[in-house]
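Presented below is the structure to which this report refers.
Residue numbers (my numbering): -5 to 231.
Next up, the structure:
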């Protein structure tokens, strides 16, 4: 079935998240307690809540989105391009602009969203942060009442599982085994918060996020047995 979806109808995406505050001490007392209880299972006795706070960006209740990158194919005859762009800045504006993109340009029944591990992370994280920021959730992200086959989402990690629900493969591993140029040639997810809060280099994070979007598109092309994108086909806008 993946071969039957028109590439031009897929919006590829990736998000970058960080803890909502630069350090644990900036949280109010109640939020500190809630973080402590939320992470108790993961921390066990190995880390204090403060030591563990650098990982807060993986939870929508304690993190925030600093970048959403998207990419989409445009095909005219034999000419194929992949256009990539990013939303960044204040979180509510990021979410509002992304919501407008889905509502105005990717709102038809044939349109689908695609990411790597996106069903477990990116899609629900975006939806939760939209609720927190009082941004209307567009239909493509609002799954309430939808049957599983009605969900307009593709997850390249789920495709790779082939029904093996205990199996996890990182994007880095998948690009390696599928002989796709690795997007992890500068920073990885564990370094994003440092680059954001200490180096204050959002451009570096945007570049990293856009490389991940391109990698997701390349993975899907591999699943479809199609030629990988070359640099001349990728347009940053």
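Beta carbons are placed, not taken as given, at the ideal position from N, Cα and C, and that holds for glycine.
Bear in mind that the values here come from a model prediction, so they are computed numbers and not experimental data.
- Counted as a single uninterrupted DSSP element, the stretch harbouring residue 13 is not any alpha helix (DSSP H) but the beta strand (DSSP E) occupying residues 4 to 13.
- When secondary structure is reduced to three states using DSSP, residue 159 falls in the coil class, being assigned neither helix nor strand.
- DSSP, reduced to helix, strand and coil, places residue 71 outside both helices and strands of the structure shown, so it counts as coil.
- In the three-state reduction of the DSSP assignment, residue 99 falls in the helix class, which pools H, G and I.
- Runs of beta strand (DSSP E) with 3 or more residues, each lying fully within the segment 136 to 209, are found at 147 to 149, listed in chain order.
- CA-CA distance, residue 111 to residue 152, rounds to 7 Å.
- In the structure shown, the three-state DSSP call for residue 58 is strand.
- Inter-residue distance for residue 58 and residue 82 is about 12 Å (C-alpha atoms, whole angstroms).
- When the five nearest sequence neighbours on each side are left out, the beta carbons in the same chain lying within less than 6 Å of the beta carbon of residue 203 are those of 8, 10, 61, 63, in order along the chain.
- Membership of residue 126 in the alpha helix (DSSP H) is indicated by the continuous run 116 to 126.
- If you draw a 10 Å sphere on the C-beta of residue 167, you find fewer than 16 other C-beta atoms in it, and that means exposed.
- Under the three-state reduction of DSSP, residue 88 is assigned to helix.
- Note on geometry: alpha-carbon atoms of residue 4 and residue 186 lie some 27 Å from one another.
- With a cutoff of 9 Å on beta-carbon distance, residue 52 and residue 150 are scored as not near each other.
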